[in-house]
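Enquirer: Counted the way my numbering counts, the sequence shown spans residues 34 to 449. Here you go, one structure.
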Amino acid sequence: MENPLFNIPLDLPTTTVTELMAGIAETGQDQLRGGYSRPVYSSAEIDLRTWFIEQATRRQLSVEEDGNGALWAWWDLPTGIRTNAVVTGSHLDSVPGGGPFDGPLGVASALIAFDLMQSRNLVRTRAMAIVVFPEEEGSRFGVACLGSRLLTGAIDRDKALNLKDPDGNSFADIATRNGLDPRFIGSDRRLLGQIGVFVELHVEQGLGLADLDHPVAIGGSILGHGRWKLSMLGQGNHAGTTLMSDRKDPMVAAARSIAAVQHIARSRDNARATVGRLQPVPGGTNVIASRVDYWLDVRHPDDAVTAGVVQEIHESARIIAAEEGCTLEFSQESLSPTVTFDAGLSGKLSLALPKAPVLDTGAGHDAGVLARHVPSAMIFVRNPNGVSHSPEEYVEDADAELGAAALADALSSLLS
Numbered sequence: 034m035e036n037p038l039f040n041i042p043l044d045l046p047t048t049t050v051t052e053l054m055a056g057i058a059e060t061g062q063d064q065l066r067g068g069y070s071r072p073v074y075s076s077a078e079i080d081l082r083t084w085f086i087e088q089a090t091r092r093q094l095s096v097e098e099d100g101n102g103a104l105w106a107w108w109d110l111p112t113g114i115r116t117n118a119v120v121t122g123s124h125l126d127s128v129p130g131g132g133p134f135d136g137p138l139g140v141a142s143a144l145i146a147f148d149l150m151q152s153r154n155l156v157r158t159r160a161m162a163i164v165v166f167p168e169e170e171g172s173r174f175g176v177a178c179l180g181s182r183l184l185t186g187a188i189d190r191d192k193a194l195n196l197k198d199p200d201g202n203s204f205a206d207i208a209t210r211n212g213l214d215p216r217f218i219g220s221d222r223r224l225l226g227q228i229g230v231f232v233e234l235h236v237e238q239g240l241g242l243a244d245l246d247h248p249v250a251i252g253g254s255i256l257g258h259g260r261w262k263l264s265m266l267g268q269g270n271h272a273g274t275t276l277m278s279d280r281k282d283p284m285v286a287a288a289r290s291i292a293a294v295q296h297i298a299r300s301r302d303n304a305r306a307t308v309g310r311l312q313p314v315p316g317g318t319n320v321i322a323s324r325v326d327y328w329l330d331v332r333h334p335d336d337a338v339t340a341g342v343v344q345e346i347h348e349s350a351r352i353i354a355a356e357e358g359c360t361l362e363f364s365q366e367s368l369s370p371t372v373t374f375d376a377g378l379s380g381k382l383s384l385a386l387p388k389a390p391v392l393d394t395g396a397g398h399d400a401g402v403l404a405r406h407v408p409s410a411m412i413f414v415r416n417p418n419g420v421s422h423s424p425e426e427y428v429e430d431a432d433a434e435l436g437a438a439a440l441a442d443a444l445s446s447l448l449s
């Protein structure tokens, strides 16, 4: 028997997280950086979306794509009623040169959790959906959790449509090329209103569970964080004919301001500030740049401290720019306040997973965006070396299976 929508054989699904992850292990491998590069709507990310549709369809879930490009695989009730649904899932895109588990582990675990619940003959009173949100990392258009921000209205629709990737393509153009209608991109109150609770499983991006010697944890909170773009503007010129005293070199100004970021962040307890991307224009070896664009990430549990760190970095960069004969442009790309997950939902997860500790995280997630609108929670799976956003990111096979079982236990408690 075949599904006429996708022409996919309805054979038995893969039965472990490890097997599912092995099936996508070659998709999006980055031969230059190592690890995986799967930006939204790249060939690699599209292949993963197809993989998810195939896996969900084999499980006879009803797959739909919303107006913002998120995929929803519904486990419907016989009545077809989807109000107050239990939703789980994550994302499939990655940072440049990222690890294999950030995002896909949550999606694969959701599929296996569904298998486990089906095998238990669970009596349900609520529908369930597995969701794949696009552009969670923000590695193509610069705004993290773009799919969930659009769904909830956390980002202005016109701003989102006009976001540009490094090649100058707008989000509107790329979305259109991939079958979306820009008229329907944006807040979707009907769909948001169907979500009763959201539970996201994710690889832990730190050493909390390794230090506690435990395979899974329940999320407590997400640090407030944001992204800002700085553009240092100078005077482009010839590297050989321009005397050092005659230069207005934005690379020098940018380098000085980036060095200052570390000192400013270290002056505030528990602050984290990072410049991980820098782009000189025009970028020639024998050319003094005319402009240098670079991006700042700042995080702290106290949103007021985050704002203070950003303000100090901005002022420092402005002073350095003037000293080097340059000018500075500074703009905010995204901002997410500190999120504390719903106490009632977290309490239910603690009852379902009585041995699981509670851990806070400094990493942003779609669950943090949704938490402002619906009760949301997270489950973390141990990362033995604590490394993430890197090819060294790792999860033991046994822990991956325990994570899916924990997710199945948590979802079962919410569905029945």
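Cβ atoms here follow ideal geometry from the backbone N, Cα and C, with glycine treated the same way.
Between the C-alpha atoms of residue 44 and residue 152, what's the straight-line distance to the nearest angstrom?
Expert: Counted from its first residue, the sequence shown places residue 44 at position 11. Counted from its first residue, the sequence shown places residue 152 at position 119. Bear in mind that a pLDDT of 49 at residue 44, under 50, signals an unreliable position, so the model cannot answer this.
Enquirer: Could you check what DSSP says for residue 90 in three-state terms: helix, strand or coil?
Expert: The residue labelled residue 90 in the question sits at position 57 within the sequence shown. Helix, per DSSP.
Enquirer: Measuring alpha carbon to alpha carbon, tell me which of 158, 50, 160 and 129 ends up nearest residue 169.
Expert: Position 136 of the sequence shown, counting from 1, holds the residue named residue 169. When only C-alpha atoms are compared, the closest one is 129.
Enquirer: How would you label residue 401, buried or exposed, when you count the other beta carbons within 10 angstroms and need 16 or more for buried?
Expert: As a position in the sequence shown, residue 401 is number 368, starting the count at 1. Buried, because 16 or more other Cβ atoms sit within 10 Å of the Cβ of residue 401.
Enquirer: Between residue 435 and chain B, is there a C-beta pair that is closer than 9 Å?
Expert: Within the model displayed, chain B is absent; a lone protein chain is all it includes.
Enquirer: Can you confirm whether the stretch 154-169 touches the stretch 337-354 when touching is taken to mean that 3 or more C-beta pairs between the two stretches lie within less than 8 Å?
Expert: Judged by Cβ distances under 8 Å, the stretch 337-354 makes no contact with the stretch 154-169, as fewer than three pairs qualify.
Enquirer: With a cut-off of 8 Å on the beta carbons, I'd call residue 131 and residue 69 a contact; round off their distance for me.
Expert: Working through the sequence shown from its first residue, we reach residue 131 at position 98. Working through the sequence shown from its first residue, we reach residue 69 at position 36. About 5 Å; that satisfies the 8 Å criterion.
Enquirer: Report the rounded CA-to-CA distance for residue 440 versus residue 143, giving the unit in angstroms.
Expert: Position 407 of the sequence shown, counted from the first residue, corresponds to residue 440. Position 110 of the sequence shown, counted from the first residue, corresponds to residue 143. Their backbone Cα atoms lie some 7 Å apart in a straight line.
Enquirer: State the CB to CB distance for the pair residue 445 and residue 179, rounded to an integer number of angstroms; the pair is presumed to be in contact (CB under 8 Å).
Expert: One-based indexing of the sequence shown puts residue 445 at position 412. One-based indexing of the sequence shown puts residue 179 at position 146. That pair is no contact at about 31 Å.
Enquirer: Taking just the CA atoms, how far does residue 74 sit from residue 93?
Expert: Counting from one through the sequence shown, the residue named residue 93 turns up at place 60. Counting from one through the sequence shown, the residue named residue 74 turns up at place 41. Between residue 93 and residue 74, the C-alpha separation is close to 25 Å.
Enquirer: From this set, 189, 288, 361 and 238, which residue's C-alpha is nearest residue 256's C-alpha?
Expert: Along the sequence shown, read from residue 1 onward, the residue named residue 256 stands at position 223. Nearest C-alpha to residue 256: 238.
Enquirer: What does a CB cutoff of less than 6 Å around residue 395 pick up in its chain, not counting 5 residues either side in sequence?
Expert: Here residue 395 refers to the residue found at position 362 of the sequence shown. Same-chain partners within the cutoff: 256 and 332.
Enquirer: Label residue 265 either buried or exposed according to how many other C-beta atoms from any shown protein chain fall within 10 Å of its C-beta, with 16 as the threshold for buried.
Expert: Stepping through the sequence shown from its first residue, residue 265 is reached at position 232. Label assigned to residue 265: buried.
Enquirer: Drop a sphere of 10 angstroms on the beta-carbon of residue 126, count the other beta-carbons inside from all chains shown, and report buried for 16 or more, exposed for fewer.
Expert: Taking the sequence shown and counting its residues from 1, the one referred to as residue 126 is at position 93. It counts as buried.
Enquirer: Leaving out five residues on either side along the sequence, give the residues of the same chain with a beta carbon under 6 Å from the beta carbon of residue 373.
Expert: Translated into positions along the sequence shown, residue 373 becomes position 340. Once the five neighbours on either side are set aside, the close Cβ partners of residue 373 are 254.
Enquirer: Could you give the DSSP three-state label for residue 391: helix, strand or coil?
Expert: Here residue 391 is taken as the residue at index 358 of the sequence shown, counted from 1. It is a strand residue.
Enquirer: Can you give me the start and stop residues for the alpha helix (DSSP H) that residue 433 sits inside?
Expert: Here the question's residue 433 lines up with position 400 in the sequence shown. Its alpha helix (DSSP H) spans residues 430-448.
Enquirer: Using the C-alpha atoms, what's the distance from residue 435 back to residue 347?
Expert: Residue mapping note: residue 347 aligns to position 314 of the sequence shown, counting from 1. Residue mapping note: residue 435 aligns to position 402 of the sequence shown, counting from 1. Their Cα atoms are separated by approximately 45 Å.
Enquirer: Give me, in chain order, the residues of the same chain whose beta-carbon lies closer than 7 Å to that of residue 187; leave out the 5 immediate sequence neighbours on both sides.
Expert: By 1-based counting over the sequence shown, the position of residue 187 is 154. Counting only Cβ-Cβ distances below 7 Å, and skipping sequence neighbours, we find 402.
Enquirer: With a 10 Å radius around its C-beta and 16 neighbouring C-beta atoms as the bar for buried, classify residue 431 as buried or exposed.
Expert: As a working note, residue 431 is residue 398 in the sequence shown. Burial call: exposed.
Enquirer: Residue 397 lies in the alpha helix (DSSP H); which residues open and close that run?
Expert: As a position in the sequence shown, residue 397 is number 364, starting the count at 1. It is not in any alpha helix (DSSP H) - residue 397 carries neither H nor E in the DSSP assignment.
Enquirer: Could you tell me the alpha carbon to alpha carbon distance between residue 36 and residue 411, rounded to whole angstroms?
Expert: Counting from one through the sequence shown, the residue named residue 36 turns up at place 3. Counting from one through the sequence shown, the residue named residue 411 turns up at place 378. Low confidence applies to residue 36: its pLDDT is 31, below 50, so where it sits in the model is not reliable enough to give any reading.
Enquirer: Express the C-alpha separation of residue 325 and residue 355 in angstroms, rounding to a whole number.
Expert: Here residue 355 refers to the residue found at position 322 when the sequence shown is read from its first residue. Here residue 325 refers to the residue found at position 292 when the sequence shown is read from its first residue. The alpha-carbon atoms of residue 355 and residue 325 are separated by roughly 15 Å.
Enquirer: Between which residues of its own chain and residue 450 is the CB-CB distance below 7 Å, once the five residues before and five after are set aside?
Expert: Because the chain is modelled from 34 through 449, residue 450 falls outside the range shown and cannot be assessed.
Enquirer: Going by the DSSP bridge assignment, what does residue 330 pair with across the sheet?
Expert: Sequence index remark: in the sequence shown, residue 330 carries index 297 (1-based). Its beta-bridge partners are 260 and 307.
Enquirer: Beta-carbon separation of residue 358 and residue 260 under 9 Å?
Expert: The residue you call residue 358 lines up with position 325 of the sequence shown. The residue you call residue 260 lines up with position 227 of the sequence shown. Not in contact: residue 358 and residue 260 (Cβ atoms no closer than 9 Å).
Enquirer: What are the partner residues of residue 271, as DSSP defines its beta bridges?
Expert: In the sequence shown, residue 271 corresponds to position 238, counting from 1. Answer by DSSP bridge pairing, in chain order: 320.
Enquirer: If we count the other Cβ atoms within 10 Å of its Cβ and call it buried at 16 or more, is residue 241 buried or exposed?
Expert: The count along the sequence shown starts at 1 and reaches residue 241 at position 208. Per the 10 Å Cβ criterion, buried.
Enquirer: Taking the alpha-carbon positions, what's the residue 80 to residue 300 distance?
Expert: In the sequence shown, the residue the question calls residue 80 occupies position 47. In the sequence shown, the residue the question calls residue 300 occupies position 267. One C-alpha to the other measures close to 45 Å.
Enquirer: Just grab the DSSP bridge partners of residue 365 for me.
Expert: Here residue 365 refers to the residue found at position 332 of the sequence shown. DSSP, once it has assigned bridges, lists 261 as partnering residue 365.
Enquirer: Considering only DSSP beta bridges, list what residue 296 is partnered with.
Expert: On the sequence shown, residue 296 is found 263 positions in, with the first residue counted as 1. DSSP output for residue 296 lists no bridge partner at all.
Enquirer: If you follow the beta strand (DSSP E) that residue 404 is part of, which residue opens it and which one closes it?
Expert: Here residue 404 refers to the residue found at position 371 of the sequence shown. Residue 404 -> no beta strand (DSSP E), and no H or E assigned at all.
Enquirer: Could you give the distance in angstroms between the alpha-carbon of residue 278 and the alpha-carbon of residue 317?
Expert: In the sequence shown, the residue the question calls residue 278 occupies position 245. In the sequence shown, the residue the question calls residue 317 occupies position 284. Distance between the alpha carbons of residue 278 and residue 317: 21 Å.
Enquirer: So, with DSSP's three-state summary, where would you put residue 347?
Expert: Within the sequence shown, residue 347 is the residue found at index 314, counting from 1. Helix at residue 347.
Enquirer: Helix or strand or just coil, what does DSSP make of residue 419?
Expert: One-based indexing of the sequence shown puts residue 419 at position 386. Residue 419 falls in the coil class under three-state DSSP.
Enquirer: Is it true that the CB of residue 135 sits closer than 9 Å to the CB of residue 409?
Expert: Locating residue 409 in the sequence shown gives position 376, where the first residue counts as 1. Locating residue 135 in the sequence shown gives position 102, where the first residue counts as 1. Against a cut-off of 9 Å, the Cβ pair of residue 135 and residue 409 comes out as no contact.
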